[in-house]
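For the sequence shown, our numbering begins at 21 and goes up steadily by one.
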Amino acid sequence: MTTLDARPGCDTSDMLTIHALFRRAFADAPGLVRGVADGDAERARIVGSHVREVAGALHTHHSGEDELLWDTLEQRAPACALHVGLMRAQHQQTAVLLDALLADLPAWESSGAATDAAPVADTLDALGDLLQAHLGQEEADILPTAATVMTQREWGALHEHGMASIPRDRMLLQLGWILEVVAPDERAGWMRTNLPAPARVMWRIVGRRQFAAHRARVYGA
21 MTTLDARPGC DTSDMLTIHA LFRRAFADAP GLVRGVADGD AERARIVGSH VREVAGALHT
81 HHSGEDELLW DTLEQRAPAC ALHVGLMRAQ HQQTAVLLDA LLADLPAWES SGAATDAAPV
141 ADTLDALGDL LQAHLGQEEA DILPTAATVM TQREWGALHE HGMASIPRDR MLLQLGWILE
201 VVAPDERAGW MRTNLPAPAR VMWRIVGRRQ FAAHRARVYG A
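Quick look at the structure:
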């Protein structure tokens, strides 16, 4: 650990990329569900698997903040306590909706029926609405404080928590979804900053094609 790692003050801009990823995913998901033809169980399983993966990623993201962020901010920036309390409450609301989503998914994945799709899509709508408010408030009220009172090492623990949850065989697919929300003219720079050279080579050789096929499968060719 360097002296810089232990000094208060960190770059929280990576969170904006993750938030953009969730905004995109939960904005698109209800339409993907409603777009499945009534009775098309095969297509429902494909979209359902995508929804399940996105929901799991959100749960992991929130659990990392619950474990690694809120207590630290309350202790070091007491004036931020009201904002942290709101974040905790919104995480609880999100957890309730995620539980409902995961409870409703199996019936739709099995039947593909429009009647089973409806509660899934409605819950995704509710999650999207909640996230629009939550992520914006976090960016406005939490990230500036975290950038001042947390060390880069502490902030990096959030990234490590998220990465540890991604199976190795899903890493390149996750990278593809992230790159989709990075502006095209910034992607090369983002990759140089955030990925080691071997990972960049793997993306060019394998990942790009793998992700394109996966995206076409989820969104429809």
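The beta-carbon is built from N, C-alpha and C at its ideal position, and this holds for glycine as well.
Just so you know, these numbers come straight off a predicted model, no measurement behind them.
In this structure, the beta-carbon distance from D124 to V104 does not fall below 8 Å.
The Cβ neighbour count for A166, taken over all protein chains shown within 10 Å, is at least 16; the residue is labelled buried. Looking at the DSSP output, P28 bridges to T171. In this structure, R44 is the residue among R44, G29 and I198 with its C-alpha nearest to the C-alpha of L151. Secondary structure at S185: coil, using DSSP grouped into helix, strand and coil. The three-state reading of DSSP puts S33 in coil, since its state is none of H, G, I, E or B.
A buried status is given to Q194, since no fewer than 16 other beta-carbon atoms sit within 10 Å of its beta-carbon. Under the DSSP assignment, G76 falls in the alpha helix (DSSP H) whose first and last residues are A61 to L88. Sequence-distant partners of Q113 (beyond 5 residues in either direction) whose C-beta falls short of 7 Å from its own C-beta, in its chain, are L150. With contacts defined as CB atoms closer than 8 Å, H179 and D34 qualify as a contacting pair. Taking 8 Å as the cut-off, the beta carbon of T80 is found closer than this to the beta carbon of S185. When Cβ pairs closer than 8 Å are counted between the two stretches, the region 213-226 is seen not to touch the region 61-77, the count staying below three.
Three or more Cβ pairs closer than 8 Å define a contact, and the region 82-101 meets that threshold against the region 160-175. Secondary structure of A99 (DSSP, three-state): helix. At least 8 Å separates the beta-carbon of T37 from that of V221. Residues A127 and W128 of the same chain have their beta carbon placed closer than 6 Å to that of D136, with the five preceding and five following residues left out of the count. Take L144, set aside five residues on each side of it, and the residues of its chain with a beta-carbon closer than 6 Å to its own are A49 and P50, in chain order. The DSSP-derived three-state label of L215 is coil.
Between W197 and L41, the alpha-carbon positions lie close to 7 Å from each other.
In this chain, the alpha helix (DSSP H) harbouring A141 covers A134 to D161. Here the C-alpha atom of P216 lies approximately 34 Å from the C-alpha atom of A97.
Counting along the chain, the unbroken alpha helix (DSSP H) around A233 starts and ends at R228 to Y239.
With contacts defined as CB atoms closer than 8 Å, L147 and L117 qualify as a contacting pair. Proximity to G182 across G76, G29, R72 and G68 peaks at G76, based on C-alpha coordinates.
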